[in-house]
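S.K.: Could you have a look at this structure, given as structure tokens, before my questions?
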Amino acid sequence: MSKGLPDPQKDFPNWYMQVVNRAGLADHGPVKGTMVIKPYGFQLWENIKNIFDHMIKESGHTNAYFPLLIPKSFFQKEAEHVEGFAKECAVVTHTRLKADKQKGIIVDPESRLDEEVIIRPTSETVIWSMYKKWIQSYRDLPILINQWANVVRWEMRTRLFLRTTEFLWQEGHTAHATEEEAQKETLDILELYRQLAEDYLAIPVFTGLKTESEKFAGADRTYCIEAMMGDKRALQAGTSHNLGQNFAKAFSVKFQTKDNKEEFVWATSWGISTRLVGAVILAHGDNKGLRIPPRIAPIQLVIIPISKNDDQISNIKEYLEPITKGLEETEVRYHIDWTDSSPGFKFNEWEMKGVPLRLEIGPRDIVEGTTILVRRDTGDKISFSREAVIENILILLHESQQQLYDQALTFRNDNTHTTNSYDEFKQIITEGGFVRCGWDGLQKTETVIKDETKATIRCIPFDEQPQGLTCIYSGDPAKHEVIFAKAY
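Numbering-wise, my numbering puts 320 at position 331 of the sequence shown, and it's gapless, one number per residue.
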């Protein structure tokens, strides 16, 4: 175990924070709840961002940018939306500071705005104010726009990456001529989120529908991907919302149909954020630190030269030349650690950072014409000839990606339970895990369970089978099979 790193089995929250810090991912900003994403953490986010950006562009979406500042009056147009975000909004009331002889720098009271502006918690309102200008006819539809941006939600309890006052995300906002098109868009994006989580982050997810009390404020329906973290809690990893005609009606966005009728536009919005970096840590990390899936790793292979003098360094550089050339040709992301730290220190450091593969080269390897590869996911140490190492690096990276997914899937399956006993339900929730069970569909039942256990309905899974089930709390016939869990 790395020196000073808490055992994740005994102190998961402290383990998480130390991994974020010691792996060089992020630090606390000067304003409470804010986060400084350090270069290594930002490289990880950029890799996730670039993958998804390619996905949505391939599916016909384009990127744009909308203002950070939103007039307060915009939030008054959609009552459910403003109620959902009112307690989290940061409000700008003045435009300048001034020097005061007694008090120092103060807000200039004469600079008060006629109308306060909100620092965006999400962009539906400002975007739909623009769509009103851009949409007149069915020929203007669909609009398939995404933006990569920062948002501010004034959170009371924060944790780096998982819940911060300011965070980075993408938010897609689309406009459609029909309800069917909007629903298809909502589910198509949810499928892209599932692919991103499972195929790249190596995190298995449940896909399904949020309940009325858990849905996005202002949406008709919210769909989500839900993942299990290493402490058996749930993490909402992405959401896709069918907004119906709610925002079109709030901002009077109408279009002329093909048969010359006037109708309100249908809408969707959807988003993932930097909390996905937290998901990777929580789902795959171990008692040595991070384990990053190769497909998103900033560095897929770290090369550790083991030398005692300049002659050995020169020999190692010469020996490495055909290897590094092969790595560049295959586009493996690699780094050679030429620092003068001890090999043991380097091993621990790069294990903490979660680099999928380590290549060790020393004088003996040069004599024998071999290389040593060490897998971060399993710890396996394997010797290959120099000629065969590139091919095996590619094989091991593929195997490591799959292994991390398989481990996470086994862990989730082993800790997802079914029961029709409320006492057993409470015990499982207390000990940690997901519960698939019946629910009578009543919000009061959902609320009582949440109040008594702190567990919430994470989703109504698409593969639900409520037939023959009874509600876990009321005992009445189940309207849905749902997944309950404590969540981040």
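Cβ atoms here follow ideal geometry from the backbone N, Cα and C, with glycine treated the same way.
1) Under 6 Å Cβ to Cβ from Trp4, same chain only, skipping five residues before and after it: list those, please.
2) Where are the alpha helix (DSSP H) runs, 4 residues long or more, that stay fully inside the region 138 to 206, in chain order?
3) Relative to the C-alpha of Ala12, which residue among Ile281, Thr419, Ile446 and Ser118 is closest?
4) Is Ser62 helix, strand or coil when you go by DSSP?
5) Report, in whole angstroms, the separation of the C-beta atoms of Thr436 and Trp428, which I expect to be a contact under 8 Å.
6) Count Cβ pairs between the region 163 to 180 and the region 264 to 277 that sit closer than 8 Å; are there 3 or more?
7) Ordered along the chain, which non-local residues of its own chain (more than five positions away) have a Cβ less than 7 Å from that of Ala171?
8) What does a CB cutoff of less than 6 Å around Val471 pick up in its chain, not counting 5 residues either side in sequence?
9) Does the beta-carbon distance from Met217 to Ala474 come in below 9 Å?
10) Mapping the DSSP letters down to three states, classify Arg347 as helix, strand or coil.
11) Does the separation of the CB atoms of Val8 and Gly18 fall below 9 Å?
12) Let's test the definition: count the other Cβ atoms within 10 Å of the Cβ of Arg353 and tell me whether it reaches 16, buried, or not, exposed.
13) Check the DSSP bridge columns for Met24 and list the partner residues they point to.
14) Using a 10 Å radius around the Cβ and a threshold of 16 neighbouring Cβ atoms, would you call Lys342 buried or exposed?
15) Helix, strand or coil for Gln32? Go by DSSP, reduced to three states.
16) Can you give me the Cβ contacts of Leu385 inside the same chain, cut-off strictly under 7 Å, excluding the 5 residues immediately before and after it?
17) What is the residue span of the beta strand (DSSP E) that Glu104 lies within?
18) Whole angstroms are fine: how far does the CA of Asn298 sit from the CA of Cys78?
19) My assumption, with CB atoms under 8 Å, is that Val71 sits in contact with His83. Please give the rounded CB distance.
20) Are the Cβ atoms of Ile192 and His273 separated by less than 9 Å?
21) Just the C-alpha distance for Thr114 and His387, rounded to the nearest angstrom, thanks.
22) Which whole runs of the alpha helix (DSSP H) in the region 421 to 456 are 4 residues long or more, in chain order?
23) Do three or more CB pairs link the region 155 to 163 to the region 126 to 142 at distances below 8 Å?
24) Report buried or exposed for Thr51, applying the criterion of at least 16 other Cβ atoms within 10 angstroms of its Cβ.
25) Could you give the residue range of the beta strand (DSSP E) that holds Asp89?
26) Comparing C-alpha positions only, which one of Phe41, Glu104, Lys122 and Gly219 sits nearest to Phe1?
27) Should the region 191 to 210 be regarded as contacting the region 150 to 161, the criterion being three or more beta carbon pairs within less than 8 Å?
28) Within 8 Å, do at least three Cβ pairs link the region 21 to 41 to the region 137 to 152?
29) Which residue from Ala467, Thr399, Val81 and Trp158 puts its Cα closest to that of Phe41?
30) For Lys238, which of Phe31, Val344 and Glu251 has the nearest alpha-carbon?
31) Got a sec? Which residues, its chain only, sit under 6 Å from Gly(-7) by beta carbon, not counting five neighbours each side?
32) Can you list the beta strand (DSSP E) stretches of 3 or more residues lying completely in the region 108 to 134, in chain order?
33) For Thr405, which residues in the same chain have their Cβ closer than 7 Å to its Cβ, ignoring the five residues on either side in sequence?
34) By Cβ distance, which residues of its chain are closer than 6 Å to Asp209, with the 5 residues on each side in sequence left out?
35) Once you ignore the five residues that flank Tyr54 on each side, which residues in its own chain have a CB closer than 6 Å to its CB?
36) Would you decide whether Leu102 is buried or exposed? Buried here means 16 or more other CB atoms lie within 10 Å of its CB.
M.R.: Put simply:
1) Pro(-5) and Pro(-3).
2) Runs of the alpha helix (DSSP H) inside the region 138 to 206: 168 to 184.
3) Of the candidates Ile281, Thr419, Ile446 and Ser118, the residue whose Cα lies closest to the Cα of Ala12 is Ile281.
4) Of the three classes helix, strand and coil, the one that applies to Ser62 here is helix, per DSSP.
5) The pair is not a contact, with the Cβ atoms about 12 Å apart (cut-off 8 Å).
6) Segments in contact, no.
7) Annotation for Ala171: His165, Asn231, Trp255, Ala256 and Thr257 place their beta carbon closer than 7 Å to its own, counting only its chain and skipping 5 residues before and after.
8) Once the five neighbours on either side are set aside, the close Cβ partners of Val471 are Trp428, Ile446 and Ile449.
9) Yes; because the gap between Cβ atoms is below 9 Å, this pair is in contact.
10) Secondary structure at Arg347: strand, using DSSP grouped into helix, strand and coil.
11) Cβ distance not < 9 Å, so Val8 and Gly18 don't count as in contact.
12) The residue in question, Arg353, is exposed, as its Cβ has fewer than 16 Cβ neighbours within 10 Å.
13) In the DSSP assignment, Met24 is bridged to His17.
14) So Lys342 ends up on the buried side.
15) Of the three classes helix, strand and coil, the one that applies to Gln32 here is helix, per DSSP.
16) Apart from the 5 residues on each side of it in sequence, Leu385 sits with its Cβ closer than 7 Å to the Cβ of Leu346, Leu362 and Arg364 in its chain, given in chain order.
17) Glu104 -> beta strand (DSSP E) spans Arg101 to Ile108.
18) Rounded to the nearest angstrom, the gap between the Cα atoms of Cys78 and Asn298 is 59 Å.
19) At roughly 22 Å, the Cβ-Cβ gap does not stay under 8 Å, so Val71 and His83 are not in contact.
20) Less than 9 Å divides the Cβ of Ile192 from the Cβ of His273.
21) Separation of Thr114 and His387 (C-alpha to C-alpha, rounded to the nearest whole angstrom) is 43 Å.
22) Entirely contained in the region 421 to 456, the alpha helix (DSSP H) runs reaching 4 residues are, in chain order, 432 to 442.
23) Yes: the two stretches touch, three or more of their Cβ pairs being nearer than 8 Å.
24) Exposed is the call here.
25) For Asp89, the enclosing beta strand (DSSP E) begins and ends at Leu86 to Asp89.
26) For the residues Phe41, Glu104, Lys122 and Gly219, the minimum Cα distance to Phe1 belongs to Gly219.
27) No, the region 191 to 210 is not in contact with the region 150 to 161.
28) With the cut-off at 8 Å, the region 137 to 152 and the region 21 to 41 touch.
29) When each option's Cα is compared against that of Phe41, the closest is Trp158.
30) Measuring from the Cα of Lys238, the nearest candidate turns out to be Glu251.
31) In its own chain, leaving out the 5 sequence neighbours on each side, no residue places its CB closer than 6 Å to the CB of Gly(-7).
32) Restricted to the region 108 to 134, not a single beta strand (DSSP E) segment is unbroken, complete and at least 3 residues in length.
33) Excluding positions up to five away in sequence, the list reads Gly422, Phe423 and Arg425.
34) Here the set comprises Asn231 and Gly233.
35) Gln136, listed in sequence order.
36) Answer is exposed; the Cβ neighbour count stays below 16.
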